[in-house]
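Quick note, the sequence shown lines up with residues 4 to 338 if you use the UniProt record's numbering. For glycine and all other residues, C-beta sits at the position ideal for the given N, C-alpha and C. The structure presented is a predicted model; accordingly, all values stated were derived computationally and were not measured. Working notes, beginning with the structure itself.
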Amino acid sequence: KDNCLILAIETSCDETSAAVIKNGNEILSNIVSTQIDIHKRFGGVVPEVASRLHVEQITLVIEEAMSKANVEYTDLSAIAVTEGPGLVGALLIGVNAAKAIAFAHDLPLIGVHHIAGHIYANRLIQELHFPLLALVVSGGHTELVYMKEDGEFEVIGETRDDAAGEAYDKVARTLKLPYPGGPHIDRLAQEGSANIPFPRAWLEEGSYDFSFSGLKSAVINYMHNAEQRGVEISPEDVAASFQESVVEVIVTKTIQAAKEYDVKQVLLAGGVAANKGLRASLQKEMSIFSDKELVIPPLSLCTDNAAMIGAAAYVRFKQGKLSSLSLNGNPGLDL
Ligand code: KG4
Ligand code: ZN
Numbered sequence: 004k005d006n007c008l009i010l011a012i013e014t015s016c017d018e019t020s021a022a023v024i025k026n027g028n029e030i031l032s033n034i035v036s037t038q039i040d041i042h043k044r045f046g047g048v049v050p051e052v053a054s055r056l057h058v059e060q061i062t063l064v065i066e067e068a069m070s071k072a073n074v075e076y077t078d079l080s081a082i083a084v085t086e087g088p089g090l091v092g093a094l095l096i097g098v099n100a101a102k103a104i105a106f107a108h109d110l111p112l113i114g115v116h117h118i119a120g121h122i123y124a125n126r127l128i129q130e131l132h133f134p135l136l137a138l139v140v141s142g143g144h145t146e147l148v149y150m151k152e153d154g155e156f157e158v159i160g161e162t163r164d165d166a167a168g169e170a171y172d173k174v175a176r177t178l179k180l181p182y183p184g185g186p187h188i189d190r191l192a193q194e195g196s197a198n199i200p201f202p203r204a205w206l207e208e209g210s211y212d213f214s215f216s217g218l219k220s221a222v223i224n225y226m227h228n229a230e231q232r233g234v235e236i237s238p239e240d241v242a243a244s245f246q247e248s249v250v251e252v253i254v255t256k257t258i259q260a261a262k263e264y265d266v267k268q269v270l271l272a273g274g275v276a277a278n279k280g281l282r283a284s285l286q287k288e289m290s291i292f293s294d295k296e297l298v299i300p301p302l303s304l305c306t307d308n309a310a311m312i313g314a315a316a317y318v319r320f321k322q323g324k325l326s327s328l329s330l331n332g333n334p335g336l337d338l
């Protein structure tokens with residue numbers, strides 16, 4: 004086949020998505036059906052509900068991705084799917100759909116790590132130059148990943164408790180903001196001033212690990228104290244102070260790692276990459292380097308989508324890292 008066309012599927016959490024990617028970097032279609040409006044009623048993702056909604060949507064989403072890309076199954080080079088990590092019942096819907104298509108059309112199957120997908124979202128907008136550092140900040144993950152070359156991932160730091168997005172969502176809940184809270188905190192933070200001294204978890208000298216549970220507890224305690232004493236709080240100032248604490252630690256560690264590992268690029272990835280405060284601070288701090296490029300995907304490629312899975316799958320396809328039809332959803336998959 005002249006062109007490598009990959010149909011990719013993503014169902015690891017609360018988005019049902021399918022995409023067709025040409026030669027690893029061109030999006031022919033990227034259909035995302037989000038379940039957020041339904042999970043909102045429960046204040047977070049309900050795994051059993053997520054699985055059922057994926058079942059309802061998966062066939063429609065795949066058909067739409069194929070017709071929008073204007074390709075036939077016989078044109079495809081491979082089928083890719085998020086293998087893990089994620090909610091096991093949700094992962095299984097995508098994995099089984101992908102296996103069925105691979106079997107029916109005799110196509111190679113490629114299992115993809117969800118975080119590899121978030122990282123390779125950057126390849127859809129920019130050529131990658133190695134070595135590089137990827138900052139992955141999502142609802143389930145906060146990781147600094149060093150990549151010496153294509154397809155090689157070394158996690159040099161990760162969260163020891165909550166993920167950044169999880170901290171955002173939990174703090175948002177204490178401020179009575181709807182789920183997912185990240186974008187709401189981000190919006191409030193723009194209007195507030197960071198005048199509350201919330202803690203920063205630097206951890207041991209030289210560590211690239213993160214911790215957000217102490218910060219989350221500090222915010223919750225602050226709210227409880229104010230409530231008990233009948234003091235009015237400013238949600239804008241709480242949001243701005245919380246956001247400054249998160250962003251300062253993440254950006255400082257990222258810049259340190261970029262220097263130590265002497266990388267050519269820093270890639271931002273994951274849902275929290277949509278954060279205005281984080282983007283602005285990273286852009287400012289990265290501007291001191293004349294030899295390092297910062298790559299930030301558009302918002303639609305930061306949150307969960309199948310195009311990023313297709314981009315990551317292309318590298319595995321080229322490297323011959325195929326999966327068998329016994330592929331299973333793996334909620335604890337290692338990068
Ligand atoms: O990557 P993603 O779509 O799903 C996971 O793989 O986790 O990330 C979702 C997370 C949620 O926690 C959401 O609150 C957060 O990304 N998020 C934000 C913003 N937009 C989304 N957090 C902070 N600021 C934002 N603007
Ligand atoms: Zn994600």
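When DSSP labels each residue in this structure, what does THR306 get in the three-state scheme? coil
Distance, GLU29 Cα to VAL174 Cα: 37 Å
N- and C-terminal bounds of the beta strand (DSSP E) containing GLY87: 81-87
Expressed to the nearest angstrom, what Euclidean distance is found between the alpha-carbon atoms of ASN26 and TYR225? 51 Å
Any chance you could list the alpha helix (DSSP H) runs of at least 4 consecutive residues sitting entirely within the region 261-338, in chain order? 279-289, 302-305 and 309-321
For the ligand ZN, any of its heavy atoms closer than 7 Å to the Cβ of ASP307? yes
Contact under 8 Å by Cβ, LEU138 with VAL269: yes
GLU146 and GLY160 - do their beta-carbons sit closer together than 8 Å? yes
Cutting at 7 Å between CB atoms, please list the residues of its own chain near VAL158, excluding the five before and the five after it. GLU146, VAL148 and LEU338
Between THR85 and SER15, how many whole angstroms is the CB-CB distance? I'm expecting something under 8 Å. 5 Å
How big is the Cα-Cα spacing for GLY233 and HIS227? 10 Å
HIS108, buried or exposed, once every other Cβ within 10 Å from all chains shown has been counted against 16: exposed
Helix, strand or coil for THR34, going by three-state DSSP, please let me know. One point to set straight first is that residue 34 is Ile, not Thr, in the sequence displayed. Strand at ILE34.
Quick one: what's VAL91 bridged to in DSSP? Looking at the DSSP assignment, VAL91 forms no beta bridge with any residue, so it has no partner.
Heavy atom of the ligand ZN within 7 Å of HIS117 beta-carbon: yes
Note down, in chain order, each residue of its chain lying with its Cβ closer than 7 Å to the Cβ of ASP164, except the 5 sequence neighbours on either side. SER214, PHE215 and SER216
What does a CB cutoff of less than 8 Å around GLY335 pick up in its chain, not counting 5 residues either side in sequence? GLY87 and PRO88
So, is the C-beta of ASP240 closer than 8 Å to a C-beta in chain B? The structure shown contains no chain B; it holds only a single protein chain.
So the candidates are ARG55, GLY143 and ALA316; which of them puts its Cα closest to the Cα of ALA22? ALA316
Reference ASP5; option with closest CA among GLY47, LYS71, ASP78 and GLU18: ASP78
Under a three-way DSSP split, which group does residue 340 fall into? Only positions 4 to 338 of the chain appear in this structure, which leaves residue 340 out of reach.
Considering Cα atoms alone, identify which of PRO181, GLY97, THR162 and GLU207 is closest to LEU330. GLY97
What alpha helix (DSSP H) runs, 4 residues minimum, are completely inside the region 92-123? 117-123
How far does the alpha helix (DSSP H) with ILE61 in it extend, from its first residue to its last? 50-72
Taking its Cβ as the centre, do 16 or more other Cβ atoms sit within 10 Å of GLY323, making it buried, or is it exposed? exposed
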